[in-house]
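Enquirer: Here's a structure for you.
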Ligand code: ATP
Ligand code: MG
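Numbering (the UniProt record's numbering), first residue to last: 1 to 714.
What follows is the structure, encoded as structure tokens:
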């Protein structure tokens, strides 16, 4: 039996055995796209292509790991480089940092660091925030970067008024990042794209190093990612991309559907493969998915059929309130486990926003059903964890201003805001990092001698920590804890009852360090650890092997599959998100998000809504999502589980309620790589990326086209 080529349909096999030249695989969910990618890699290896010449890029670390494991099963041997775009770029930047003005030990800023830096940039640039907000500026700058616009290339570009201020802040922000030897997430892509564009020899070398490139979930690439992939496939055009335009859900991060739609124009020699047989879901589930997605106007019709058995009808449940929804779902899961041989890991509960899972957690816990919340990013956002990581970051890269600002006075050392303002001024004037400015505090006349003494003591602490930089990560972390007396600080500074949590988190971080040391006996460095932490995404916390019910957002569920799926909170203003109503493009993206959720299900699927939902401690009425009205309800099992409750009858409420702006402020970061999730975007900036292309977008694309023309056909 041939593990690689048996058990494939003819079109799948044709794609797997395709060797040289560009290939586009356009196919619906569950049709085996990811499977083809892994089998194709195994096939290339078997045909003698060295592992080092193959690069596979995807969107979550989890997907990359799974693909790697699968390839190892099919073709054991030297591992192939499989990675997310960001991880790939992180590695490239380490190697070629000097080409973009960075040093090898550069830091990766998360959203919080980036925003703190942006705040400084706004102060330095003297711009008033009265007509805009930090979020709007952050979103606009992210958008510039995703469109490959550098501060220099933006000169003379016509911008709508809303973006003018951001364009003014942008150069200052980039300058601060450079001084701090740091990048934000968008920068990583931008730097690599630029590096490849501006260094033809390097581009050529990498093009021939990575002869075979595969990109899964290509529908979610943005211009920067597109540019990177294209510049690596100029001479060796063995680029295979797979995707499903109906599953494009990252428009808010600049993903450009045209990248997939234009692939055939970009590579006229392309071999196009279409897969139409779905192996994942029952016909019932597929019909519901199909009927929903046909409501999108911007799409090409795709036929999808399955030979799987009909299965149970898709359920649509209307609950009186969120608690009833949570209890009922937990009861159903218990019943399925007890009487139908299911295991907890067969179940996934998906939602638009993280806050919706809170009642479910409670209901599952009270029934002793093990569950896991896929929320990897959150742990690393906790104050105590960020503080400790900031020490490590500063040891690794003393120029890291965001880390320094965070811990210079944590635990308290008498270094107050006035002192830091003076340090910042001095640093800005000399274009040096804050740590260097502190080292030179004798030159800052406005700082009193006593305070200078405190600053020097701080420098002493960091110096002594830095001397330990090459110890094992566990030793280093324990040394940081001891030298800074951080645990004591936590014990004394937190409100009674809360400190246990924080201390437990610190222990968890130490465990993570121990685990890292164990996994990297030879190649573990502080830098690698910090990079790993910085690039953690939501799906990373999810362990497929553990037998638990999975709770996650729809964004995080991309590419995954589960026997039984529940999608909760299918309510107007939630899914579709209330900020998407005025923008047809965004509205269609919300529909695709539900489509992604539905198509994760293999055997059973339940969609539900609650007529009353609690948010921020009060109950509010909720109306059905307009998407529910688009489903083939005649073939679904619709159950109105509504019973009057202590919260009263929903009829007392007007269902067309206006939701307050703060409605979803509790929403958690639900995207991978910790970028700004859709629910935290401001109305203005959410609509800008995907409304009619603004002048700058066209310019960037044209610019890229031009660059390509120059580099491709000399
Ligand atoms: P998505 O768009 O959701 O990412 P996909 O197109 O990548 O879906 P896969 O995840 O590769 O689909 O495949 C879906 C399921 O179908 C997997 O469990 C896969 O193993 C199975 N499958 C695909 N093709 C076959 C086949 N020819 N024979 C048996 N099982 C298959
Ligand atoms: Mg897939």
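Note that beta-carbon positions come from the ideal geometry of N, C-alpha and C, so glycine has one too. Note that the coordinates shown come from a computational prediction; the quantities given were computed from them, not determined experimentally.
(1) Taking the continuous alpha helix (DSSP H) assigned at residue 461, which residues delimit it?
(2) Flag this pair as yes or no: are the beta carbons of residue 369 and residue 423 separated by less than 8 Å?
(3) Specify the secondary structure class of residue 690 as computed by DSSP and reduced to three states.
(4) Can the beta-carbon of residue 322 be found less than 8 Å from the beta-carbon of residue 366?
(5) Ordered along the chain, which non-local residues of its own chain (more than five positions away) have a Cβ less than 7 Å from that of residue 455?
(6) Any heavy atom of the ligand ATP inside 7 Å of the beta-carbon of residue 715?
(7) On the three-state DSSP scale, how would you describe residue 614?
(8) Is the number of C-beta pairs between the stretch 141 to 152 and the stretch 78 to 96 that are closer than 8 Å three or more?
(9) Give every residue of the same chain whose Cβ lies closer than 7 Å to the Cβ of residue 1, excluding the five residues on either side of it in the sequence, and list them in chain order.
(10) Start and end of the alpha helix (DSSP H) containing residue 597?
(11) Output the distance between the C-alpha atoms of residue 595 and residue 104, rounded to the nearest integer angstrom.
(12) What does DSSP give as the partner residues of residue 319 in its beta bridges?
(13) Check whether the Cβ of residue 243 sits closer than 7 Å to any heavy atom of the ligand MG, and report yes or no.
(14) Use the C-beta contact count for residue 77: other C-beta atoms within 10 angstroms, 16 or more gives buried, fewer gives exposed.
(15) Check each candidate in 297, 570, 401 and name the one with the smallest Cα separation from residue 629.
(16) Go to residue 563, then tell me how far its beta strand (DSSP E) extends in each direction, as first and last residue.
(17) Note down, in chain order, each residue of its chain lying with its Cβ closer than 8 Å to the Cβ of residue 396, except the 5 sequence neighbours on either side.
(18) Within 8 Å, do at least three Cβ pairs link the stretch 48 to 66 to the stretch 196 to 215?
(19) Is residue 33 near the ligand ATP, with its Cβ less than 7 Å from a heavy atom?
(20) For residue 268, is the classification buried or exposed, using 16 other Cβ atoms within 10 angstroms of its Cβ as the cut-off for buried?
(21) Between the stretch 272 to 291 and the stretch 309 to 321, do at least 3 Cβ pairs fall closer than 8 Å?
(22) Please state whether DSSP places residue 250 in a helix, a strand or coil.
(23) Three Cβ pairs or more, each shorter than 8 Å: is that satisfied between the stretch 475 to 491 and the stretch 382 to 392?
(24) Do the stretch 18 to 26 and the stretch 553 to 573 meet, that is, are 3 or more Cβ pairs less than 8 Å apart?
(25) Does DSSP put residue 32 in a helix, a strand or coil?
(26) Less than 8 Å between the beta carbons of residue 609 and residue 329, yes or no?
(27) Hey, out of 199, 336, 163, whose CA is closest to residue 564's CA?
(28) Helix, strand or coil for residue 709? Go by DSSP, reduced to three states.
(29) Beta-carbon separation of residue 181 and residue 102 under 8 Å?
(30) Less than 8 Å separating the beta-carbons of residue 576 and residue 587?
(31) Flag this pair as yes or no: are the beta carbons of residue 138 and residue 164 separated by less than 8 Å?
(32) Kindly indicate which three-state DSSP category residue 684 falls into: helix, strand or coil?
(33) So, are the CB atoms of residue 352 and residue 37 less than 8 Å apart?
(34) With distances taken between CB atoms, is the gap from residue 320 to residue 598 smaller than 8 Å?
(35) Tell me whether residue 216, by its Cβ, gets closer than 7 Å to a heavy atom of the ligand MG.
(36) Less than 8 Å separating the beta-carbons of residue 116 and residue 405?
Expert: In short:
(1) 449 to 466
(2) Going by C-beta atoms, residue 369 is not nearer than 8 Å to residue 423.
(3) In this prediction, residue 690 has a pLDDT of 25, which is less than 50 and means its spatial position is unreliable; what the coordinates show is noted afterwards. Looking at residue 690 - three-state DSSP - the assignment turns out to be helix.
(4) When the beta-carbon positions are compared, residue 322 and residue 366 stay at least 8 Å from each other.
(5) Excluding residues within five positions, the ones whose Cβ falls inside 7 Å are 415, 438, 441.
(6) A question about residue 715 goes unanswered here, because the residues of the chain that appear run from 1 up to 714.
(7) strand
(8) no
(9) none
(10) 584 to 598
(11) 42 Å
(12) 610
(13) Not under cutoff, so the answer is no.
(14) exposed
(15) 570
(16) 562 to 567
(17) 105, 107, 469, 526, 527, 530
(18) yes
(19) yes
(20) It is exposed - the Cβ of residue 268 has fewer than 16 other Cβ atoms within 10 Å.
(21) yes
(22) coil
(23) yes
(24) no
(25) Looking at residue 32 - three-state DSSP - the assignment turns out to be coil, as it is neither helix nor strand.
(26) no
(27) Out of 199, 336, 163, 336 has the C-alpha closest to the C-alpha of residue 564.
(28) Caution applies to residue 709, whose pLDDT of 42 falls short of 50 and renders its modelled position unreliable; the model cannot decide the point.
(29) yes
(30) yes
(31) no
(32) In this prediction, residue 684 has a pLDDT of 26, which is less than 50 and means its spatial position is unreliable; what the coordinates show is noted afterwards. Residue 684: helix per DSSP, three-state reduction.
(33) no
(34) no
(35) yes
(36) In this structure, residue 405 lies closer than 8 Å to residue 116 by Cβ.
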